[in-house]
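Quick note on the working numbering: the sequence shown kicks off at 1 and runs consecutively. Data first, discussion second: the structure below is written as structure tokens.
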Amino acid sequence: MDRLAIVVPCYNEEAVFPETAKRLTQVLQDLIKKGKIAENSFALFVNDGSKDKTWELIAAEYHQNPYVSGLKLAGNVGHQNALLAGLMTAKEMADITVSIDADLQDDVNVIEEMVDRYHEGFDIVYGVRSERKTDTAFKKWTAQAFYKLMHAMGAKSVYNHADFRLMSKRAVEALSQYKERNLFLRGLVPLIGYNTTTVYYKRSERFAGESKYPLKKMLSFAFDGITSFSIRPITLIAMLGLIIILLSIGAAIYTLISFCLGHAAPGWASIMLSIWFLGGVQLLSIGLIGQYIGKVYIEVKERPRYNIETVLTHNTTDLSR
Ligand code: UDP
Ligand code: MG
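Here it is in structure tokens:
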């Protein structure tokens, strides 16, 4: 029988944790009763350096609930890294992992469908939102624009899929081979290439607490997603440069001809405007290329993506060294 680990990254989630633990425990018990997963399956809550009582709640729950395990990171490393830490820890103990946010926006009841797909032979099962009714119009629009932009830039990702997905042990094993620090799992997982499928669910509102992704974080997440998977923006800059050079050659010929014909030379405004415009284009281009160089800089340092402080797991080898 396959052992399932549900990996849940938590950052300041004391408001939802009790409910999340309760619902995931129910899901696990239900699946065990139906004989779909092993009896020692569990939910692994990853505390991503929370400033509130999240870890105390996880630890207390661990001591009285055999289905709850905890992983405490040594600081806040962000959603993606926290999720990776959870998956890497879980793969040592489990045959199947399901990653899900702590806020209960993703429907825990489709986990069963994911497990069914796994038993049919799929290694990766994406949870995809069938609608976005509960999101604000702004969030809906920005999310859509983001996916479209990603696609136009040539970075593969699954439309309307967040980080709610099932992965088999060998898929997580494959994921561990991707060493990059600029982590964007949504773009990375499709590169693994095993058998994949999707299940659909309705996304609901956050059960409690506040979103940890304000606009600023969302924008940098989107920018990271593109620049980590595509160098097309740099190609676009080169093309823009070429077009501007051709245009300026055309303009030079035009000026020369009109000078020969005795017309007045172009005025001050057009010169100034073109200087400002080109200056802006150059600064933007250098800035963008700088972003890529910055990424290379981060990657070559090969710093660890997270540090583990404590692992609380039931009946397996203690991983906390
Ligand atoms: N999260 C995390 N570390 C962070 C920020 C967020 O582990 O630095 C977790 C958070 O606890 C939640 C998930 O990532 O389980 C997604 O965050 P959130 O629900 O706030 O994002 P949204 O759904 O609003 O995009
Ligand atoms: Mg959320």
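Beta carbons are placed, not taken as given, at the ideal position from N, Cα and C, and that holds for glycine.
Taking C-beta to C-beta, are residue i and residue j nearer than 8 angstroms?
i, j, result
"residue 189", "residue 96", "no"
"residue 27", "residue 87", "no"
"residue 41", "residue 314", "no"
"residue 44", "residue 309", "no"
"residue 237", "residue 175", "no"
"residue 94", "residue 169", "yes"
"residue 57", "residue 122", "no"
"residue 130", "residue 217", "no"
"residue 224", "residue 182", "yes"
"residue 81", "residue 303", "no"
Could you compute how far the alpha carbon of residue i sits from the alpha carbon of residue j?
i, j, result
"residue 111", "residue 300", "38 angstroms"
"residue 220", "residue 100", "22 angstroms"
"residue 210", "residue 146", "22 angstroms"
"residue 254", "residue 260", "10 angstroms"
"residue 137", "residue 258", "53 angstroms"
"residue 162", "residue 127", "8 angstroms"
"residue 243", "residue 165", "43 angstroms"
How far does the beta strand (DSSP E) with residue i in it extend, from its first residue to its last?
i, result
"residue 197", "196-202"
Which of the three DSSP states, helix, strand or coil, is assigned to residue i?
i, result
"residue 314", "coil"
"residue 319", "Caution is warranted here: a pLDDT of 44 is assigned to residue 319, below 50, making its placement in the model unreliable, and no coordinate value can be reported."
"residue 135", "coil"
"residue 79", "helix"
"residue 305", "coil"
"residue 129", "strand"
"residue 109", "helix"
"residue 224", "helix"
"residue 34", "coil"
"residue 58", "helix"
"residue 151", "helix"
Which first and last residues belong to the alpha helix (DSSP H) in which residue i is found?
i, result
"residue 233", "232-260"
For this session: Could you tell me whether the stretch 5-17 touches the stretch 44-56, using the rule of 3 or more Cβ pairs below 8 angstroms?
Result: yes
Exercise. Below 8 angstroms, can you find three or more Cβ-Cβ pairs linking the stretch 220-233 to the stretch 177-195?
Worked result: yes
Exercise. Are the stretch 240-249 and the stretch 274-288 touching by the rule of at least three beta carbon pairs closer than 8 angstroms?
Worked result: Result yes; three or more Cβ-Cβ pairs closer than 8 angstroms.
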